[in-house]
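Trainee: Going letter by letter, the sequence shown gives residues 994 to 1309 in the working numbering.
Glycine is no exception: its CB is placed at the ideal position from the N, C-alpha and C atoms.
Keep in mind the model is a prediction, meaning the values are calculated, not measured.
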Amino acid sequence: MKIFIAGGTGAIGRPLIAELLAKGHAIAALTRSPEKAQALVEQGVEPAVADVFDSEAVKAVVRRAQPEVVIEQLTALPRTYTRESLSAAGAFNDRLRFEGGANVLAAAQAAGVRRYLRQSIAFWAVPGRGLADEATPLAFDASPYVAADARLITELERRLQEHPIMEGIALRYGFFYGPGTWFNPDGDVARQVRQQQFPIVGNGEGVWSWLHIQDAAIATAQAAAQGKPGIYLIANDQPLAVREWLPAFARWLKAPPPPQVSVEDALKASGADAVYYGTQMRGVSNARAKRELNFQPRSLEWIVDRGAYGKVTRAS
Ligand SMILES: NC(=O)c1ccc[n+]([C@@H]2O[C@H](COP(=O)([O-])OP(=O)(O)OC[C@H]3O[C@@H](n4cnc5c(N)ncnc54)[C@H](OP(=O)(O)O)[C@@H]3O)[C@@H](O)[C@H]2O)c1
């Protein structure tokens, strides 16, 4: 199958291209950079050089590639995971997803593409008991940034699901970990944990759902080949409260234990989003992905592979 990827040179794009090539697909990938285009050629990928904000150029490269499927993985997220860097990147990242994504969607329709998949996010289910599934409403009343993000992905998913011609699939990924991510030992969260700058907030009851970047690539390739139109939550089998995963992550990194801060202090120092992620976020169920995509995620490396961190409690 011929597949066009927007965002194919990023943290998930790289393993995704490798996975799709290994499955025998022909790939074209968008990039703004002639150097990255050359690297794509060396991998056996057809480069499509354009800026996604240039709608005519995007139309031209998608038409030339003649793909059957388009996968959109565009982001402009920072290398650092801090309140400052994320809020500095936020507006442009939103524009990239909204306007840039609209250009790719229009180009795909004009080129007669059959199926369109896009990156979406699993972090914003409405807080509550148990795991969220694809039908759980999003957190429109949470902290201001989370609520705004929840509204944005709702809109991005809606325009895909209501598309009159193409089959649309939104993949709501959990927190990426593995090479090239914030949670790799060389990533920014690991740096903060080593410096005791990444605290447990309040009771640490926020539940995080995890996804190895390689599993994200495998699930995406499966969804491109056999997914049904709609939404899939893609995360591993270990949704874990911060108070569980963070001390284990610190031990795995041989870092000092994480500090603990009260909700009031976190609100003052880091804002309402830090309190949401630390105390309210809800884990997600991967049951649909397991059932329909034969998704078999690996275990979180700092909990199970090392085996020395005590009992892992599943969120309930
Ligand atoms: N669920 C999650 O946890 C999650 C989700 C997403 C990202 N992240 C994190 O965010 C960090 C960044 O990773 P990432 O892969 O998303 O970002 P990245 O490595 O910066 O890749 C961004 C991709 O978007 C493309 N792009 C950006 N602006 C473009 C434009 N104007 N026109 C065309 N293409 C454009 C880039 O292409 P070119 O540069 O080649 O032009 C690149 O392929 C990582 O640490 C990752 O773990 C986490």
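So is residue 1112 buried or exposed if we call it buried at 16+ other beta carbons inside 10 Å?
Mentor: It is buried - the Cβ of residue 1112 has at least 16 other Cβ atoms within 10 Å.
Trainee: Going along the chain, which unbroken runs of the beta strand (DSSP E) with 3 or more residues stay wholly within the stretch 1028 to 1100?
Mentor: Entirely contained in the stretch 1028 to 1100, the beta strand (DSSP E) runs reaching 3 residues are, in chain order, 1039 to 1042, 1062 to 1065.
Trainee: Grab me the residues of residue 1210's own chain with a C-beta within less than 6 angstroms of its C-beta, minus the 5 sequence neighbours each way, in chain order.
Mentor: Closer than 6 angstroms at the Cβ level, and outside the excluded window around residue 1210, lie 1008, 1009, 1012.
Trainee: So, is residue 1279 buried or exposed, given that buried needs 16 or more other C-beta atoms within 10 angstroms?
Mentor: Classification for residue 1279: buried.
Trainee: Ligand 1 and residue 1179: does the residue's C-beta get closer than 8 angstroms to at least one heavy atom of that ligand?
Mentor: Residue 1179: no, Cβ never under 8 angstroms from ligand 1.
Trainee: Is residue 1026 close to ligand 1? I mean its beta-carbon at under 8 angstroms from any heavy atom of the ligand.
Mentor: Indeed, a heavy atom of ligand 1 lies less than 8 angstroms from the Cβ.
Trainee: According to DSSP, what are the bridge partners of residue 953?
Mentor: The structure shown does not extend to residue 953, since the chain is modelled only from 994 to 1309, so the question has no answer here.
Trainee: For residue 1136, tell me which candidate among 996, 1264, 1204, 1004 has the shortest Cα-Cα distance.
Mentor: For residue 1136, the nearest C-alpha among the options comes from 1264.
Trainee: Residue 1203 bridges to which residues according to DSSP?
Mentor: BP columns for residue 1203 point to 1168.
Trainee: In three-state terms, what does DSSP make of residue 1242?
Mentor: DSSP places residue 1242 in helix when its eight states are reduced to three.
Trainee: Looking only at its own chain, which residues have a Cβ that is under 6 angstroms from the Cβ of residue 1143, when we skip the five neighbours before and after it?
Mentor: Cβ within range, chain order: 1117, 1131, 1132, 1133.
Trainee: Can you grab the Cα-Cα spacing for the pair residue 1059 / residue 1228, in whole Å?
Mentor: Going by the C-alpha atoms only, they are around 31 angstroms apart.
Trainee: Beta carbon of residue 1117: closer than 8 angstroms to some heavy atom of ligand 1?
Mentor: Answer for residue 1117: no, Cβ out of range of ligand 1.
Trainee: Where does residue 1357 sit, in a helix, a strand or coil, going by DSSP?
Mentor: Residue numbering for the chain in the displayed model covers 994 to 1309; residue 1357 lies beyond these limits and cannot be assessed.
Trainee: Given residue 1287, which residues of its chain have a CB within under 7 angstroms of its CB, disregarding the five upstream and five downstream residues?
Mentor: Answer for residue 1287: 1215, listed in chain order.
Trainee: Between residue 1217 and residue 1064, how many whole angstroms is the CB-CB distance? I'm expecting something under 8 angstroms.
Mentor: So it is a contact: roughly 6 angstroms between Cβ atoms.
Trainee: Near residue 1260, which residues of its chain fall below 7 angstroms by C-beta distance, leaving aside the five closest residues on each side in sequence?
Mentor: Answer for residue 1260: 1268, listed in chain order.
Trainee: Can you give the beta carbon distance from residue 1296 to residue 1253, rounded, assuming they're within the 8 angstroms contact cut?
Mentor: No, residue 1296 and residue 1253 are not in contact; Cβ-Cβ is about 20 angstroms, not under 8 angstroms.
Trainee: Beta-carbon within less than 7 angstroms of residue 1074's beta-carbon, same chain only, minus the 5 sequence neighbours each way: which residues are those?
Mentor: Here the set comprises 1175, 1181, 1182.
Trainee: Under 6 angstroms Cβ to Cβ from residue 1235, same chain only, skipping five residues before and after it: list those, please.
Mentor: The residues are 1193, 1197, 1199, 1271.
Trainee: Kindly indicate which residue of 1138, 1257, 1276 has the alpha-carbon position closest to the one of residue 1077.
Mentor: Comparing Cα-Cα distances from residue 1077 to each of 1138, 1257, 1276, the minimum goes to 1138.
Trainee: Is there a C-beta anywhere in chain B that falls below 9 angstroms from the one on residue 1221?
Mentor: Absent from the structure: chain B. Only one protein chain is present.
Trainee: Just to check, is the beta-carbon of residue 1185 closer than 8 angstroms to a non-hydrogen atom of ligand 1?
Mentor: No, ligand 1 has no heavy atom inside 8 angstroms of this Cβ.
Trainee: At a cut-off of 8 angstroms, is residue 1071 close to ligand 1 when judged by its beta-carbon and the heavy atoms of the ligand?
Mentor: Yes, Cβ of residue 1071 sits closer than 8 angstroms to a heavy atom of ligand 1.
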